[in-house]
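Some notes on the structure that comes next.
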Amino acid sequence: MSKLTPTRVLASLFCLSMAGGTSAANAAANDHVPQWLHSAQRVGAERDTRRVAISAWLGFRDMAGLQKLVEAQSTPGSAQYGQHLTPAQFHARFSPAASDVMKVRNTLQQLGFKVDYIPASGLYVQASGTVKQIKSAFHVTQDRYKYHGTVMRSNAEAPTLPSGISRLVTFVGGLDESGKLMRPMHVGPESAADLQHMGKAGANPYSSPPPYNLAPASFCSKYWGDHSANVSAPPDPYPAQEPWLNCGYTPQQMQQAYGADKAGVDGTGVRVAIVDSGASPTIFHDANEYSKRHGLPALDSSNFTQVVSKGLSHRQNPACGNWNIEETLDVESVHSMAPGAQIVYVGAEDCYDDNTAAAVYKVIDEGLADIITNSYGFAGEPLSLAQDNVNNAIYLQAAAEGISVLFSSGDSGDVSQINGVASGSYPATSPYVTAVGGTTLALKDANGNKGEWGWGTYRSTLVNPSVNSDGTQVTDDGVSPNYAFYAGGGGGVSLSQRQPSYQQGVVPKSLSKRTYAISGETIYFDRPRRVVPDISLDADPYSGFLMGITFTTATQGGDPGCKVRKGHPNLEYCEFAEGGTSLSSPTFAGVLALVNQARFANGHGSVGFVNPALYKQAVGAPGATDAPVADVQAPGSPHALLRGYAAIPNFVRLVTINSVPGCGGVCEGLDDNFLWTTPGYDDVTGLGTPYVPQLIKALK
């Protein structure tokens with residue numbers, strides 16, 4: 002591989018070092034232009050008459066003091082550890098001056114904008130106006146660009162503000178539509194192409210509820226390997242005896258896997274917020290049907306609250322995709338790991354980044370929860386540096402107030418095949434959030450005995466397979482050599498965020514100071530960078546979580562394994578396995594709810610920003626129950642599983658587990674294999690997986 006210097010990296014990839022505390026008037030233009038724009042194609046001007054929402058963000062007072070405070074509050078051993086501020090205390094100490102907020106508000110009104118909202122902290126002023134007003138007020142272009150098949154509006158230069166507020170405003174949101182690149186991070190055992198192959202696709206993907214598009218398996222295992230098949234032509238390098246995929250772990254099995262069933266707590270008294278785009282109209286029904294079937298407490302007004310705009314629960318934005326499965330998965334995952342916790346569901350008006358950031362900020366600034374889980378993000382780091390700085394600031398406020406903020410690390414491995422360079426993905430790469438990565442969980446029994454490896458799925462098919470009636474024997478002509486990457490836990494180095502102090506001495510420099518481009522070049526950084534994930538749990542859809550949701554029926558009278566809802570013949574409740582780091586993030590939110598309940602019982606506040614404490618914990622051997630965190634390593638030999646289809650008996654997939662033929666059985670990531678599961682910290686699973694009883698003992 003040839004070497005690529007940092008200067009050349011920044012020029013070729015348009016990734017700038019993290020800027021901080023600069024104003025929109027004085028910063029370089031690139032700081033306020035989304036990174037994706039440099040690789041996009043202009044397709045035309047945006048309509049002047051189109052109305053859009055904007056937000057003028059003010060900086061907190063004494064950012065340096067805020068960063069020092071958060072480090073002291075979140076570092077065990079510090080005199081200020083765990084001494085968090087209330088929202089009112091935070092406002093008094095760090096919020097922008099009320100006179101400055103009013104000056105920004107009045108200026109926006111004078112420019113012709115309608116002021117819609119100002120949070121209690123005064124951190125930003127949200128307003129609305131036309132594209133023509135934006136161009137005139139901020140002296141920016143508003144053109145439409147095509148990037149990776151998505152057409153988005155964007156500015157191509159830094160905004161210029163009136164002199165009276167230029168020193169006050171650090172970022173103007175809403176000048177671009179980068180949020181269209183944001184996606185929920187749930188993954189099923191099939192892709193859209195698979196469903197088309199099976200004749201299940203074609204319905205409107207944005208209807209609500211979503212159309213039934215499942216492809217039920219012919220055979221599956223309740224515990225890992227309890228239903229397996231002998232393959233007549235061994236699929237080298239994998240053994241002849243192969244397990245069928247997991248049927249979907251139940252709430253009790255997920256608790257067994259991480260020791261939550263032995264913890265003696267259920268999350269009572271802890272508030273967990275879930276932020277997504279939109280809100281499923283059946284989420285309450287589905288969670289309660291699921292709870293009834295699986296022995297969980299019912300949800301009611303005492304333990305479940307929805308914070309959504311009027312009418313929001315009856316639509317999904319087509320530009321964002323359908324988030325119904327995501328939303329329901331998040332609720333059922335949290336409820337399964339922490340059945341006693343209070344769930345606060347918060348739905349953003351759409352997926353645009355300003356709106357999701359505003360939804361997260363509402364939870365923080367109004368103190369609505371102790372933990373926030375976010376199962377969405379970008380493939381890489383496409384936002385402007387100024388936008389990143391705004392988001393980092395709100396995560397700092399959360400940390401100061403003792404709120405844990407979690408983000409899924411992603412489901413596309415190192416994203417090198419998408420962006421040309423291996424990297425982590427934002428917002429998970431923010432140094433002030435906990436990035437939750439993914440594993441493949443092989444739970445073997447109710448005692449919690451398991452195997453667990455980094456999640457990296459390549460798939461092939463058996464040639465001319467024939468499966469006997471009980472699924473114990475597969476006769477075939479071998480495995481096709483055409484393996485293709487399907488999905489894997491997101492991870493890697495940040496191209497913009499510097500290494501936080503808690504990662505120093507734990508994350509190897511080989512991970513924090515370099516990355517790789519698909520061109521074969523090695524990219525070196527002058528200073529260590531943030532690396533993700535921090536912690537990991539089950540995310541592989543083939544070892545996934547059993548969830549339940551309402552679909553629009555595809556077959557009159559209901560589809561296989563589903564129950565038609567009484568009084569609604571076109572709706573049915575179905576259960577199926579689902580995965581992605583959209584599973585691991587809310588599951589870890591449930592884990593932290595158990596930790597917080599124990600802390601509350603001991604007279605302490607919430608654990609808050611948990612990363613510094615996590616990085617100080619002892620890490621045990623894989624599967625260890627005597628340490629708060631268990632290391633995750635590659636399997637000792639190549640592992641795979643089988644996936645069959647009830648509707649297509651002669652079609653059987655071979656699915657790899659954290660291994661790829663041709664690279665020693667230990668690779669994970671995309672085709673270029675830039676992510677590796679190794680002993681100790683790695684960029685597939687981070688520190689490892691939690692063991693709840695020991696984690697509670699260490700943090701309570």
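For any residue, its number in the working numbering is found by taking its place in the sequence shown, counting from 1, and adding 1.
Just so you know, even glycine gets a beta-carbon here, dropped at the ideal spot from N, CA and C.
Given the structure is predicted, the values throughout are model-derived calculations rather than measurements.
So, helix, strand or coil for residue i, using DSSP?
i: Asn214; result: coil
i: Gln474; result: strand
i: Ala447; result: coil
i: Ile519; result: coil
i: Asp683; result: strand
i: Phe577; result: strand
i: Pro650; result: strand
i: Pro694; result: helix
i: Arg106; result: helix
i: Lys514; result: coil
i: Arg528; result: coil
i: Gly452; result: strand
i: Met255; result: helix
i: Val434; result: coil
i: Gly381; result: coil
i: Trp702; result: Since the first and last residues shown for the chain are 2 and 701, residue 702 lies out of range.
i: Met153; result: strand
i: Met548; result: strand
i: Val276; result: strand
Can you grab the Cα-Cα spacing for the pair residue i / residue j, in whole Å?
i: His85; j: Val693; result: 24 angstroms
i: Pro542; j: Arg654; result: 14 angstroms
i: Thr690; j: Ser137; result: 52 angstroms
i: Asp262; j: Asn448; result: 10 angstroms
i: Asn571; j: Thr329; result: 19 angstroms
i: Val308; j: Ile372; result: 15 angstroms
i: Pro629; j: Asp63; result: 35 angstroms
i: Ser222; j: Asp446; result: 11 angstroms
i: Ala288; j: Thr679; result: 37 angstroms
i: Val126; j: Tyr362; result: 13 angstroms
i: Pro97; j: Thr588; result: 36 angstroms
i: Arg644; j: Val406; result: 35 angstroms
i: Cys248; j: Ser544; result: 8 angstroms
i: Trp454; j: Ala631; result: 11 angstroms
i: Tyr646; j: Val596; result: 40 angstroms
i: Gly558; j: Ala218; result: 20 angstroms
i: Ile723; j: Val533; result: The displayed coordinates of the chain run from 2 to 701. Any statement about residue 723 would go beyond what the structure contains.
i: Tyr159; j: Pro639; result: A quick correction: the sequence has Ala, not Tyr, at residue 159. For Ala159 and Pro639, the distance between alpha carbons rounds to 51 angstroms.
i: Gly549; j: Asn325; result: 11 angstroms
i: Gly681; j: Thr553; result: 46 angstroms
i: Glu290; j: Leu300; result: 10 angstroms
i: Pro428; j: Pro235; result: 42 angstroms
i: Asn483; j: Val661; result: 11 angstroms
i: Met2; j: Gly521; result: Reliability fails at Met2, whose pLDDT of 33 lies under 50, so the model's placement of it is uncertain and no value is given.
Using a Cβ-Cβ cutoff of less than 7 angstroms, which residues in the same chain neighbour residue i once the five nearest sequence positions on both sides are dropped?
i: Ile419; result: Ala380, Gly381, Ser413
i: Pro252; result: His295, Leu297, Ser337
i: Ala485; result: Tyr459, Arg460
i: Arg43; result: Asp144, Tyr146
i: Ala699; result: Gln618, Pro629
i: Arg515; result: Thr523, Ile524, Tyr525, Phe526
Assuming residue i and residue j make a contact with CB atoms under 8 angstroms, what is their CB distance in whole Å?
i: Ile275; j: Asp331; result: 5 angstroms
i: Gly341; j: Thr269; result: 4 angstroms
i: Leu696; j: Pro244; result: Their Cβ separation, rounded to whole angstroms, is 29 angstroms, which puts Leu696 and Pro244 out of contact at 8 angstroms.
i: Leu38; j: Ser229; result: That pair is no contact at about 50 angstroms.
i: Gly606; j: Gly83; result: 6 angstroms
i: Tyr213; j: Asp560; result: 5 angstroms
i: Ile658; j: Thr306; result: About 39 angstroms separates the two Cβ atoms, so there is no contact after all.
i: Asp267; j: Ala339; result: 6 angstroms
i: Leu615; j: Asp535; result: 6 angstroms
Looking only at its chain, what residues have a beta carbon closer than 6 angstroms to the beta carbon of residue i, apart from the 5 residues adjacent to it on each side?
i: Lys701; result: Ala599, Arg600, Asn603
i: Phe581; result: Per the sequence shown, the amino acid found at residue 581 is Gly instead of Phe. Cβ within range, chain order: Met186, His187, Val188, Asp412, Ala540.
i: Ala360; result: Val276, Val347, Ala349
i: Thr283; result: Pro210, Thr551
Which same chain residues end up closer than 8 angstroms to residue i when comparing Cβ atoms and leaving out the 5 residues on each side of it in sequence?
i: Ser129; result: Arg52, Val53, Ala54, Ile55, Phe114, Lys115, Asp117
Quick one: does residue i have its CB under 9 angstroms from some CB of chain C?
i: Tyr487; result: Here chain C cannot be found, since the structure has a single protein chain.
Does the stretch 173-187 come into contact with the stretch 62-76, if we say contact requires no fewer than three beta-carbon pairs (one atom in each stretch) closer than 8 angstroms? Contact between the stretch 173-187 and the stretch 62-76 is absent, because fewer than three Cβ pairs lie under 8 angstroms.
Would you call the stretch 56-66 and the stretch 137-150 in contact, with 3 or more CB pairs under 8 angstroms? Below 8 angstroms, too few C-beta pairs join the stretch 56-66 and the stretch 137-150 to call them touching: fewer than three.
Specify whether the stretch 431-440 and the stretch 496-510 touch according to this definition: at least 3 beta carbon pairs, one from each stretch, less than 8 angstroms apart. Verdict: yes, contact present.
Between the stretch 573-589 and the stretch 465-476, do three or more beta carbon pairs fall short of 8 angstroms? Counting Cβ pairs under 8 angstroms, fewer than three are found: no touch.
Taking contact to mean at least 3 C-beta pairs separated by less than 8 angstroms, is the stretch 154-173 in contact with the stretch 100-113? Put simply, the stretch 154-173 touches the stretch 100-113. At least three CB pairs are less than 8 angstroms apart.
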